[in-house]
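Participant: Supplied in C-alpha cells, the structure appears directly below.
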Amino acid sequence: MTVKNFFNLSLLLLLLGVQSLCSQITSPKVPLSEVLAGLEQQYEKKFNYFEDTVNDILLVAPDTEMTFDEVLEYLRVQTGLIYNPLENDIISVKKPEGEALTLCGYLKDKDTNEPIALATIQSLFNSVVTDELGYFEMPIRNDSEMITIRFLGYKTLQRPYQYFREGCNPVFMIIQEESLSEVILTNYLVEGIDKLNSGSFEVDFSKFTLLPGLTEADVLQTVQALPGIQSINETVSNINIRGGTHDQNLILWDDIKMYQSGHFFGLISAFNPQMTQKVSLRKNGTPASYSDGVSGSIAMKTNENITTQFKGNLGINLVNADAFADIPLGRNSSLEIAARKSISDLVKTPTYDRYFDRIAQDTEVETNTEFVLNSNQDFDFYDTSLRWLYQISEDDLLRLNFLSINNELLFNESAEIGGITETRRSSLSQNSIGGGLYYKRQWNDRHHTSLQVYNTDYKLKSFNVNLLDAQRFLQENVVSETGARIQTNYSIKENFIGRLGYQFIETQVTNLDDVDVPIFRNRISEVVRTHSPYVQVEWNSNNDNSHLNIGFRYNYLDKFSKGIYEPRIAFNQKVSPYFSIDLTGEFKHQITSQVINFQNDFLGIEKRRWQLSNNADIPIIQSKQGSVGFNYSRKGWLVSAEGFYKAVDGITTQSQGFQNQYEFFKTDGSYEVLGLDFLLRKQIDQTNIWVSYAYMDNTYTFESLPEITFPSNLDITHTVTFGITYVYKDLKVSTGLNWRSGKPSTLPVQGNELVDGEINYNPANSSNLEDYLRVDASALYEFRIGKVTVHSGVSVWNVLDQENELDQYFRVNPEGEVEEFVQNALDLTPNAVVRLYF
Numbered sequence: 079m080t081v082k083n084f085f086n087l088s089l090l091l092l093l094l095g096v097q098s099l100c101s102q103i104t105s106p107k108v109p110l111s112e113v114l115a116g117l118e119q120q121y122e123k124k125f126n127y128f129e130d131t132v133n134d135i136l137l138v139a140p141d142t143e144m145t146f147d148e149v150l151e152y153l154r155v156q157t158g159l160i161y162n163p164l165e166n167d168i169i170s171v172k173k174p175e176g177e178a179l180t181l182c183g184y185l186k187d188k189d190t191n192e193p194i195a196l197a198t199i200q201s202l203f204n205s206v207v208t209d210e211l212g213y214f215e216m217p218i219r220n221d222s223e224m225i226t227i228r229f230l231g232y233k234t235l236q237r238p239y240q241y242f243r244e245g246c247n248p249v250f251m252i253i254q255e256e257s258l259s260e261v262i263l264t265n266y267l268v269e270g271i272d273k274l275n276s277g278s279f280e281v282d283f284s285k286f287t288l289l290p291g292l293t294e295a296d297v298l299q300t301v302q303a304l305p306g307i308q309s310i311n312e313t314v315s316n317i318n319i320r321g322g323t324h325d326q327n328l329i330l331w332d333d334i335k336m337y338q339s340g341h342f343f344g345l346i347s348a349f350n351p352q353m354t355q356k357v358s359l360r361k362n363g364t365p366a367s368y369s370d371g372v373s374g375s376i377a378m379k380t381n382e383n384i385t386t387q388f389k390g391n392l393g394i395n396l397v398n399a400d401a402f403a404d405i406p407l408g409r410n411s412s413l414e415i416a417a418r419k420s421i422s423d424l425v426k427t428p429t430y431d432r433y434f435d436r437i438a439q440d441t442e443v444e445t446n447t448e449f450v451l452n453s454n455q456d457f458d459f460y461d462t463s464l465r466w467l468y469q470i471s472e473d474d475l476l477r478l479n480f481l482s483i484n485n486e487l488l489f490n491e492s493a494e495i496g497g498i499t500e501t502r503r504s505s506l507s508q509n510s511i512g513g514g515l516y517y518k519r520q521w522n523d524r525h526h527t528s529l530q531v532y533n534t535d536y537k538l539k540s541f542n543v544n545l546l547d548a549q550r551f552l553q554e555n556v557v558s559e560t561g562a563r564i565q566t567n568y569s570i571k572e573n574f575i576g577r578l579g580y581q582f583i584e585t586q587v588t589n590l591d592d593v594d595v596p597i598f599r600n601r602i603s604e605v606v607r608t609h610s611p612y613v614q615v616e617w618n619s620n621n622d623n624s625h626l627n628i629g630f631r632y633n634y635l636d637k638f639s640k641g642i643y644e645p646r647i648a649f650n651q652k653v654s655p656y657f658s659i660d661l662t663g664e665f666k667h668q669i670t671s672q673v674i675n676f677q678n679d680f681l682g683i684e685k686r687r688w689q690l691s692n693n694a695d696i697p698i699i700q701s702k703q704g705s706v707g708f709n710y711s712r713k714g715w716l717v718s719a720e721g722f723y724k725a726v727d728g729i730t731t732q733s734q735g736f737q738n739q740y741e742f743f744k745t746d747g748s749y750e751v752l753g754l755d756f757l758l759r760k761q762i763d764q765t766n767i768w769v770s771y772a773y774m775d776n777t778y779t780f781e782s783l784p785e786i787t788f789p790s791n792l793d794i795t796h797t798v799t800f801g802i803t804y805v806y807k808d809l810k811v812s813t814g815l816n817w818r819s820g821k822p823s824t825l826p827v828q829g830n831e832l833v834d835g836e837i838n839y840n841p842a843n844s845s846n847l848e849d850y851l852r853v854d855a856s857a858l859y860e861f862r863i864g865k866v867t868v869h870s871g872v873s874v875w876n877v878l879d880q881e882n883e884l885d886q887y888f889r890v891n892p893e894g895e896v897e898e899f900v901q902n903a904l905d906l907t908p909n910a911v912v913r914l915y916f
C-alpha cells in the first residue's frame, strides 16, 4: 500500500469514526406515546388522551431527575400540547384551541444584509426552507411553540414564537465563527483593520477605506502599514515581519500555501483584491493548525457565503485591467471568478515605465557587456482565480479553489559576430498554480468536522543566451507541494472550544542548471514529508474579560526521523473597559528557505530560489517568540504597544543575501531580535490620524565566520509612519509619511580598498545607507450612473520624488578598481483607477 493510499484510508476511517461517535452521543427521539407510558410508571400518574392527539410527535425523553412539574413544562414546550392535571392523578392531554397562527419573515445575514437561501425553519410540528430571497412562511399551533432556525456557517437561532414580531419582518443570523476571538480594537489604523483578542490583526476589505499611496486594497501592501512590518526593498515579495526574511512568512490563500506572492517580480500583490475578502495577520501566537512561517503568517480568505444575486465589476488602472463576477448557480451554489492582466502590450504608461526601471536596475536586462546590445524588452503578467461554493445539504458544505499566477519577461540580445549581427531572445518566467478542495460537516450546533486537501506548484525559469560564447544557460527552480488536513471542532461549552486535527504535507523542490556549451546538466530533486497532529483549546471567561488560546503541535519529519514539539499561546485580559493586556508566544519550524547562489541567477531579477532542508549543512529552521503588550482605547484615542523577543536558529548565509565579504561563504547560524511596536491613533468623526514607531535590534550569530556576532542585513533600528485618512460622503482622501533608518551596509576600507585583488571590507554591516523617507497620497471618489456604481481614484507614490537608497554593493571592475553600485527605490510614481460595479 502506498503512502497516499494509506493516508486516504486513514482519513476515511477517521471520518467514519467521528460520525459513529457523534451518533452514539446524540440522544434518540421516541414517540410521545412511549414517553407518556414511561412517565406513568415513574411518577404513578395517568395520562388521558386521544390517539390522534399524540400521533406523529417525536421527542427526546425528559431527564429522569426532573420533578413532575418540570416534566409537564418540558412536555408543553416540546410538543405544544396542553397538559391539564385532574383529580386522582389524571393528566388530560389536548390539542390547543383557537385561531391558526402563521410565522413568516425574511432571513438575512446580520453583517451584509444579504438574504440567506435554503436555511431550515423548524417548529415542533412543521419545517420549511427559505427561498432565494430568504423568505419563509409556516403554520404554528400555539404561541409558545419553540422555533429553530439553522443554516451551515451561522449560529443556530432558537426562540419561542412570541419572540418574532407580527408581520413578515427581517430575521438576522450571525456567522458562526471558527473561534471565540472577538474584536478588541476596531479601526486600528483605518476602518476595516481590527485587532482581535487572539493577538492577530484582521483586514476586512468589504469595510476597508483607504491607505496612502494605494488606489485599491492591495493585500500585501496593506499589511505593511501595521507596526513591525515593512519591506526593506519596497516589494511584496520581500515582506519583513519583525526582522525576518520573506521566506519565513507563511502565506495562505484559502488555506492553500503559496510560494509566489508578487507580480512585476514583487511590485504588485499576486492576489486579486476583488477575490480576497479578509486577511488575517499573525506576528506571534499562531494557532496550532498553522505550520511553517517562523516569522509570521498572512492568511487570505475569500467570501464564505453563497450569493443569490449576480455581482460583478470591471476595472482598469495604469498597470493592469481586471474583471470579477460572483455568479449564483441555483439556490445552493455560487461561483466567484476573477481575472487580471497587464496592459503593457497595449500601452506602456509612465507607471509601467517606473516599475520596469525599478526591477531592471543593475541586471542583465538593463545593461549587458559593451559588445552586446539589449532591445525589445517586453513584460507581461496575468492571474486568474476561482472559488466555487456548494451547499450539499443543510449540514454539508463544499468549496473548490483554483489560482493561476504568471509573470514573463522577454528581451533580445544582439551582437556582431564575424561581421554578422546575430540576435537571440532571453526570457524569465515565474508562475504558480494552486488548487484546493474543502469539505465541512456540521454534526450539530456544537460539533463540526472539516477536511481540506490542496496542491500548489511554483516554477521559476530563465533562458539566458551568451552570444559571444555561443552558449545557452537554462535555470529552473520548481516547488510542488501536496497537503491534507482533517480537523474536528467541538464546543464543550458556549465559552469553551476544543480542536483536534492532523495535517500531512509532502514538499518536493527541484533545481536545474543546464548549459549547452560545454555540456553541463545538474538536476537536484528532494522530498520531505511531514506528519503533524495538533490540539487547540480556546476559552473565554463568562464576563468576556479573559481570553485564552492555547495549542500544541507535534511534527514528525520522516526523511530525518525527527520529531519537533511546538507549543503556542495567546492570552488577552481586559483590566478595564478601556485597557487590556496581551501575552503571546510560540515555537515554530520550517523546512523550506530561499537562497541566492549567485547574484546573477535568473538574469539578476529574481535571484532567490527555494530549497529544502537536509538537516545537515541546510538545517531545519526553528524559532521561539514571546511578546507582551497593552492596549488603551477611549473616546477615539487608541494607544497600543508591544515588546517582543524572537530567536531563529538554522538560517544560512545564502538565505540572507550578503553582498560583502560573506557573499560566497556557506554556513549556518541564527539571529535574535529584540524590539518594540507602538501605535498612537486618534479618530475624529470621519478622520483617522495615526503615528506608529518600531524599534528593533536584530543581530546575527555565525560561529564559523570571522565575525561571530554582527548586525543583521535587516537591522532597521527605527521606523516611523504617519498617516491621515479623511472620508466625506463618497470622497476618501489619505496621505502619509514613511521614515526609517538606513539599511546596514559594508564599505571597503578607505585608502586600502583592494588587497591581493580582492575588496578589503570593514567589519560586516558596520555602516548604514542614508535614511529612507517617502510621502504618499491617495484620493478615491464614488458616484452612480444609473444602476452602475463608478469607483475612481488617483494615487502618487513618493510625492516628493525622494531618491532613496535600497541597497549598496561593490565590485572590482575590469580596470582593477573598486566600483560602487546603488539600487534606488521607486521615483515619483502616479497611478489611477476606474472601476464599474454592477
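Everything in the sequence shown is counted per the working numbering, starting at 79 for the first residue and increasing by one.
The beta-carbon is built from N, C-alpha and C at its ideal position, and this holds for glycine as well.
Are the stretch 726-733 and the stretch 670-688 touching by the rule of at least three beta carbon pairs closer than 8 Å?
Facilitator: A contact exists between the stretch 726-733 and the stretch 670-688.
Participant: Among Arg913, Val798, Tyr804, Leu478, which has the Cα closest to the Cα of leucine 529?
Facilitator: The residue with the shortest Cα to Cα distance from leucine 529 is Leu478.
Participant: Would you call aspartate 296 buried or exposed, if buried means 16 or more other Cβ atoms sit within 10 Å of its Cβ?
Facilitator: Buried, since its Cβ has 16 or more Cβ neighbours within 10 Å.
Participant: Is the stretch 465-476 touching the stretch 436-453, taking contact as three or more C-beta pairs under 8 Å?
Facilitator: Verdict: no, contact absent.
Participant: For the beta strand (DSSP E) that contains alanine 772, what are its first and last residues?
Facilitator: Its beta strand (DSSP E) spans residues 765-779.
Participant: Taking the alpha carbon of phenylalanine 847 as the point to measure from, which residue in Thr824, Tyr241, Ser411, Ser856 has its own alpha carbon closest?
Facilitator: According to the sequence shown, residue 847 is leucine rather than phenylalanine. The shortest Cα separation from leucine 847 among Thr824, Tyr241, Ser411, Ser856 belongs to Thr824.
Participant: Count the other CB atoms within 10 Å of the CB of aspartate 141; is the residue buried (16 or more) or exposed (fewer)?
Facilitator: With fewer than 16 Cβ atoms within 10 Å of its Cβ, aspartate 141 is classed as exposed.
Participant: With distances taken between CB atoms, is the gap from arginine 502 to leucine 538 smaller than 8 Å?
Facilitator: For arginine 502 and leucine 538, no; Cβs fall outside 8 Å.
Participant: Is DSSP giving leucine 481 helix, strand or coil here?
Facilitator: Here leucine 481 sits in strand by DSSP.
Participant: Check whether the stretch 196-205 touches the stretch 435-444, taking contact to mean three or more Cβ pairs, one atom from each stretch, closer than 8 Å.
Facilitator: No, they do not touch.
Participant: Thinking C-beta only, is asparagine 776 closer than 8 Å to tyrosine 749?
Facilitator: Yes, these two residues count as a Cβ contact at 8 Å.
Participant: Give the DSSP-derived three-state secondary structure of isoleucine 437 in the structure shown.
Facilitator: Three-state result, isoleucine 437: helix.
Participant: Please classify threonine 799: does DSSP put it in a helix, a strand, or coil?
Facilitator: Strand, per DSSP.
Participant: Skipping 5 residues on each side, what residues in its chain have a beta carbon closer than 8 Å to that of arginine 599?
Facilitator: Answer for arginine 599: Leu590, Asp591, Asp592, Val593, listed in chain order.
Participant: Provide the residue span of the alpha helix (DSSP H) that contains leucine 110, from first to last.
Facilitator: 110-121 is the span of the alpha helix (DSSP H), which, as asked, contains leucine 110.
Participant: Exposed or buried, what is serine 101 when buried is set at 16 or more other beta-carbons lying within 10 Å of its beta-carbon?
Facilitator: For serine 101, the predicted model reports a pLDDT of 40, less than 50, meaning its position is unreliable and no value from the coordinates is stated.
Participant: Count Cβ pairs between the stretch 202-210 and the stretch 232-242 that sit closer than 8 Å; are there 3 or more?
Facilitator: The answer is no - the stretch 232-242 does not touch the stretch 202-210, with fewer than three Cβ pairs under 8 Å.
Participant: What's the gap between the Cα of leucine 407 and the Cα of methionine 251?
Facilitator: Going by the C-alpha atoms only, they are around 22 Å apart.
Participant: Taking buried to mean at least 16 other C-beta atoms within 10 Å of its own C-beta, is glutamate 148 buried or exposed?
Facilitator: Burial call: exposed.
Participant: In the DSSP assignment, find the alpha helix (DSSP H) that holds tyrosine 517 and state where it starts and stops.
Facilitator: Careful: tyrosine 517 lies outside any alpha helix (DSSP H), inside the beta strand (DSSP E) at 498-522.
Participant: Can you name the residues that DSSP bridges to glutamate 215?
Facilitator: Paired residues: Cys182.
Participant: Taking 8 Å as the threshold (C-beta atoms), are serine 339 and alanine 348 in contact?
Facilitator: A contact, by the Cβ cut-off of 8 Å.
Participant: Using a Cβ-Cβ distance under 8 Å, would asparagine 678 count as near chain C?
Facilitator: Included in the structure is just one protein chain, with no chain C present.
Participant: Count the other C-beta atoms from every protein chain shown that fall within 10 angstroms of the C-beta of leucine 99, then say buried if there are 16 or more, exposed otherwise.
Facilitator: Bear in mind that the predicted position of leucine 99 carries a pLDDT of just 37, short of 50, making it unreliable; the figure below should be weighed with that in mind. By the 10 Å Cβ count, leucine 99 comes out exposed.
Participant: Which whole runs of the beta strand (DSSP E) in the stretch 395-443 are 3 residues long or more, in chain order?
Facilitator: 398-406, 411-420, all fully within the stretch 395-443.
Participant: So what's phenylalanine 343 in DSSP terms, helix, strand or just coil?
Facilitator: It is helical.
Participant: Cβ of aspartate 458 within 8 Å of Cβ of glutamate 486?
Facilitator: Contact: yes.
Participant: Indicate whether leucine 137 and leucine 117 have their beta-carbon atoms separated by less than 8 Å.
Facilitator: Result no, Cβ atoms of leucine 137 and leucine 117 do not sit closer than 8 Å.
Participant: Quick one, which of Arg818, Lys807, Lys865 has its alpha-carbon nearest alanine 857's?
Facilitator: Comparing Cα-Cα distances from alanine 857 to each of Arg818, Lys807, Lys865, the minimum goes to Lys807.
Participant: How is the beta strand (DSSP E) around valine 249 delimited, first residue to last?
Facilitator: Taken as a continuous stretch (DSSP letters only), the beta strand (DSSP E) holding valine 249 covers 247-251.
Participant: Out of curiosity, what's the CA-to-CA distance linking tyrosine 532 and arginine 646?
Facilitator: Their backbone Cα atoms lie some 25 Å apart in a straight line.
Participant: In whole angstroms, what separates the C-alpha of leucine 552 from that of glycine 371?
Facilitator: Approximately 30 Å between the Cα atoms of the pair.
Participant: Using 8 Å for Cβ pairs, my map puts lysine 419 next to asparagine 398. What's the rounded Cβ distance?
Facilitator: At roughly 6 Å, the Cβ-Cβ gap stays under 8 Å, so lysine 419 and asparagine 398 are in contact.
Participant: Three-state secondary structure (DSSP) at threonine 104?
Facilitator: Caution applies to threonine 104, whose pLDDT of 46 falls short of 50 and renders its modelled position unreliable; the value that the coordinates give is listed next. Three-state DSSP puts threonine 104 in coil, outside helix and strand.
Participant: Report the three-state DSSP secondary structure of valine 912 (helix, strand or coil).
Facilitator: DSSP places valine 912 in strand when its eight states are reduced to three.
Participant: Give a yes or no on contact between the stretch 299-306 and the stretch 824-835, applying the rule of three or more CB pairs nearer than 8 Å.
Facilitator: No, the stretch 299-306 does not touch the stretch 824-835.
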